[in-house]
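Going by this note's numbering, the sequence shown opens with residue 2, and the numbers climb by one from there. Every residue, glycine too, gets a C-beta built ideally from N, C-alpha and C.
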Amino acid sequence: MKQYELIQRIKTSQPRMSKGQKLIATYIINHYEKAVYLTASKLGQIVGVSESTVVRFATELGYDGYPKFQAALVELVKSKLTAMQRIEVTHNRIDKDHVLKSVLQIDEERIRSTNNNFDEEAFNKAVEAILSAKTIYILGVRSCAGLATFLHFYLNIMFENVKVVKTNSISEIFEVIHRINDKDVIIGISFPRYSKRVYRSLEYAKTNGATVIGITDSHIAPITEFSDHCLIAKSEMISFVDSLVAPLSIINALIVALSLEIKDSLEDSLDSLEKIWAEYEVYDDTKDFFRDNL
Numbered sequence: 002m003k004q005y006e007l008i009q010r011i012k013t014s015q016p017r018m019s020k021g022q023k024l025i026a027t028y029i030i031n032h033y034e035k036a037v038y039l040t041a042s043k044l045g046q047i048v049g050v051s052e053s054t055v056v057r058f059a060t061e062l063g064y065d066g067y068p069k070f071q072a073a074l075v076e077l078v079k080s081k082l083t084a085m086q087r088i089e090v091t092h093n094r095i096d097k098d099h100v101l102k103s104v105l106q107i108d109e110e111r112i113r114s115t116n117n118n119f120d121e122e123a124f125n126k127a128v129e130a131i132l133s134a135k136t137i138y139i140l141g142v143r144s145c146a147g148l149a150t151f152l153h154f155y156l157n158i159m160f161e162n163v164k165v166v167k168t169n170s171i172s173e174i175f176e177v178i179h180r181i182n183d184k185d186v187i188i189g190i191s192f193p194r195y196s197k198r199v200y201r202s203l204e205y206a207k208t209n210g211a212t213v214i215g216i217t218d219s220h221i222a223p224i225t226e227f228s229d230h231c232l233i234a235k236s237e238m239i240s241f242v243d244s245l246v247a248p249l250s251i252i253n254a255l256i257v258a259l260s261l262e263i264k265d266s267l268e269d270s271l272d273s274l275e276k277i278w279a280e281y282e283v284y285d286d287t288k289d290f291f292r293d294n295l
């Protein structure tokens, strides 16, 4: 469903709704950013109707219960909320006395949801595209920059021509990708709040014939318009922070799948790197540390 299609569906259905359902519809149309995390009971209290009326409202719109309607509402609003609005709408979801447990449970659910709905065919085609690419570009800005850097660290060990773009400057982004062509792959990472810079950059890459791999949270996310292979990983608003645990799992899976495909050449690269790391003391040798301090 495209953004705001849900609101249009509510408006179209409003004339045939009951009086109570019309009150719900009006509230959601005008205050959807507040309604997004209200329970059916709480929403009913605010507009002055029963909880069962709220549930019937969701059913009338074609959803299998209120939770399904609520999930659609989340998809609508999560890319539109300001940082302060995010804090407000998620305030009641976090147990202040058990923050760690609450956040871990949310992360666990995002990974489970991603796993249950993941497109294996798209994943396999993304792996094939990366393996056949002349140059691999990785693009992720703002909160997604960390994911881009992590992916780049490992792909740079595995392949010769890997470039990461993590700057917020649109001019600097195009300075890196301006030579991209039909022999290249670009991996675009984009999660709410979606970056317009990533959208425009992938548009340019697609126009130049590059294969676009999108890693995002929904099939209605902006970058899916240009993605040849789209990997969907569920994200979640936790206060003003985005939970990117599921996207990181997808990236881990990409790295593992690619390493299995190039196992022999990767072993040679790692052997060479191990010698360099040892010679230049890149890593702390724990055995030497304990020996010297006994």
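Residues of its chain near residue i, where Cβ-Cβ distance is below 7 Å and the 5 sequence neighbours each way are ignored
i	result
Ser260	Met159 and Leu267
Val165	Ile139, Ala149, Thr150 and His153
Met2	Note that Met2 scores a pLDDT of 40, beneath 50, so its modelled location is shaky; the value from the coordinates is reported in the next line. Cβ neighbours of Met2 beyond the five flanking positions: Ala73 and Ile221.
Tyr155	Ile256
Lys167	Gly141, Val142, Ala146, Ala149 and Thr150
Arg10	Leu62
Leu24	Val48, Gly49 and Val50
Beta-carbon proximity list for residue i, same chain, < 8 Å, skipping 5 on both sides
i	result
Thr60	Gly66
Val56	Ala41, Gly66 and Tyr67
Tyr64	Phe70 and Ala73
First through last residue of the alpha helix (DSSP H) which encompasses residue i
i	result
Gly45	Ala41 to Val48
Val55	Glu52 to Glu61
Phe124	Glu121 to Ser133
Ser273	Lys264 to Glu280
Thr225	Unbroken run through Thr225: none, as it is neither H nor E.
Tyr64	First-last for Tyr64: undefined, no H or E at that position.
Met159	Ala146 to Met159
Asn116	Val100 to Asn117
Ser19	Note, Ser19: premise wrong, no alpha helix (DSSP H); not H, not E.
Those residues which DSSP pairs with residue i across a bridge
i	result
Thr217	Ile233
Ile188	Ile139 and Ile214
6 Å Cβ shell around residue i - same chain, five flanking residues per side excluded
i	result
Lys356	The shown model of the chain, from 2 to 295, leaves out residue 356, and the question about it has no answer.
Pro223	Tyr195 and Tyr200
Glu52	Ala41, Ser42 and Gly45
Glu204	Phe227
Asp229	Thr212 and Val213
Ser191	Val199, Thr217 and Ile224
Residue i to residue j span [Cα, whole Å]
i	j	result
Val100	Gln106	10 Å
Gly1	Ala211	As shown, the chain starts at 2 and ends at 295. That puts residue 1 outside it, with no answer to give.
Ala146	Ile256	17 Å
Gly21	Thr54	7 Å
Ile188	Lys126	13 Å
Ser219	Glu282	44 Å
Tyr28	Lys35	9 Å
Ala26	Lys69	16 Å
Ala234	Ser114	8 Å
Asp265	Leu271	10 Å
Lys197	Ile112	26 Å
Val177	Asn117	36 Å
Phe119	Ile277	39 Å
Tyr38	Val75	8 Å
Leu7	Gln71	11 Å
His32	Ala254	39 Å
Phe175	Asn169	11 Å
Cβ-heavy atom distance, residue i to the ligand ZN, below 7 Å
i	result
Ser170	This structure simply doesn't include the ligand ZN, nor any ligand for that matter.
Residue interval of the beta strand (DSSP E) (run including residue i)
i	result
Lys296	This structure leaves residue 296 out entirely; the chain is present only between 2 and 295.
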